[in-house]
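Mapped onto the numbering used here, the consecutive letters of the sequence shown carry residue numbers -18 to 270.
No residue lacks a Cβ here, since even glycine has one placed at the ideal position from N, Cα and C.
Predicted, not measured: the structure shown is a model, and the values here were computed from it.
Only one structure is covered here, and it is reproduced in the block below.
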Amino acid sequence: MKSKFKHLWADGMMLLIALIWGSAFVVVKSTLESITPLYLMAIRFTISALVMCIFFLKRIRTSPKGTILKGLGLGSILAIAYGVQSIGLVYTTAGNNAFLTAIYVVLVPFFGYLIFRRRPTGRNLLAAGVCLAGVGFLSLGEGFTMNIGDALSLLCGVFCAVHIVLLGHYAKECDGMVITAMQFVGTAAIFWLWAPLCETAPQSISMDVVWSILYMSLICTVLALSMQTIGQKYADPSRASLLLSCEALFGTVLGIVLLGEPFTPRIGLGAGLIFCAVLISELGGKKAE
């Protein structure tokens, strides 16, 4: 019973993370009008790293070198994922970006098998396919054409899948908060090396952008990614990726409720498919447990 509760609690955390990330789409898109993507990510993860290192300095100092290196490695993967997604968002629509990034929900079961020999179940694959179709109905318009922004968004999905699989493994054997803090350190370092090579540093930042960056740093990064590390200690990576992909659903719902965006039959169908995918995954998980 205790184990079952932990799995349900972890699933709830994944859904809350998806809600937080869904709210971030409009924030990131509007912020990119004032600051270039790589410098935005560098500042965002520097703030996040400082916060985590201040709160968990003692645990970081006493952690094994292996834990530190695993966290830095995860941070490098995360930097590539966030970097190419942010650059891609400049050249494509938010809908295309959300859909192509969500390809990780299909890739996670396969990467789990390739890296750790965890064979995906038929239910995993069915739920992933239904979920991706739902994200497509939510995110894509009548037409869909590939450009450089779409290709970068797709690449982001690949690195997100690798990150979810590795984090799910490391979270079970390492101090979760140290792993998270070192992720942020690694990610920030990569972005500070990457940004000057591709972009011009911002000369000034408005207070609106400052508040947006603080929201992304403290809520979407420190809170959400700490919760992801804790939750993935108990959640199966395939199910975690499925629940995290609900960010597209929450982003759409928040747009309708808060911004007055129209509700269409296509959105209703997409939401229904994602809900069915979650049911397929959850019912399968309960049987297995």
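State the start and end residues of the unbroken alpha helix (DSSP H) segment that holds ALA142.
Element bounds for ALA142: 129 to 151.
Excluding the five sequence neighbours on either side, which residues of its own chain have a C-beta within less than 7 Å of the C-beta of TYR196, listed in chain order?
Excluding residues within five positions, the ones whose Cβ falls inside 7 Å are VAL8.
Rank ALA114, ILE35, PHE36 and MET208 by C-alpha distance to the C-alpha of LEU247 and give the top, closest one.
Looking at the sequence itself, residue 247 is Arg, so the reference to Leu does not match. Minimum Cα distance to ARG247 is reached at ALA114.
Segment limits, alpha helix (DSSP H) that includes VAL32
Taken as a continuous stretch (DSSP letters only), the alpha helix (DSSP H) holding VAL32 covers 18 to 36.
What does a CB cutoff of less than 8 Å around THR181 pick up in its chain, not counting 5 residues either side in sequence?
Spatial neighbours of THR181 in its own chain (CB-CB distance under 8 Å, excluding positions within 5 residues in sequence) are listed in chain order as THR17.
Let me know the secondary structure DSSP gives ILE237 once reduced to three states.
Three-state result, ILE237: helix.
Check whether the stretch 128 to 147 touches the stretch 17 to 31, taking contact to mean three or more Cβ pairs, one atom from each stretch, closer than 8 Å.
Flag = no, the stretch 128 to 147 and the stretch 17 to 31 do not touch.
Distance check for LEU174 and LYS51, CA to CA, integer angstroms please.
Rounded to the nearest angstrom, the two C-alpha atoms are 20 Å apart.
Give the single residue among CYS155, SER29, THR27 and GLN213 whose Cα lies nearest to the Cα of ARG40.
Measuring C-alpha to C-alpha distances from ARG40 to each of CYS155, SER29, THR27 and GLN213 identifies CYS155 as the nearest.
Cutoff 8 Å; reference ASN128; Cβ partners in own chain excluding five residues on either side:
Listed in chain order, the non-local C-beta contacts of ASN128 below 8 Å within the same chain comprise TYR72 and THR73, local neighbours out to five positions each way being set aside.
Give the single residue among ALA83, THR48, SER44 and THR43 whose Cα lies nearest to the Cα of ALA62.
Of the listed residues, the one whose Cα sits closest to ALA62 is ALA83.
ALA205 versus LYS(-13), VAL116 and GLY3, residue with shortest Cα-Cα distance
Across the set LYS(-13), VAL116 and GLY3, the C-alpha of GLY3 shows the shortest separation from the C-alpha of ALA205.
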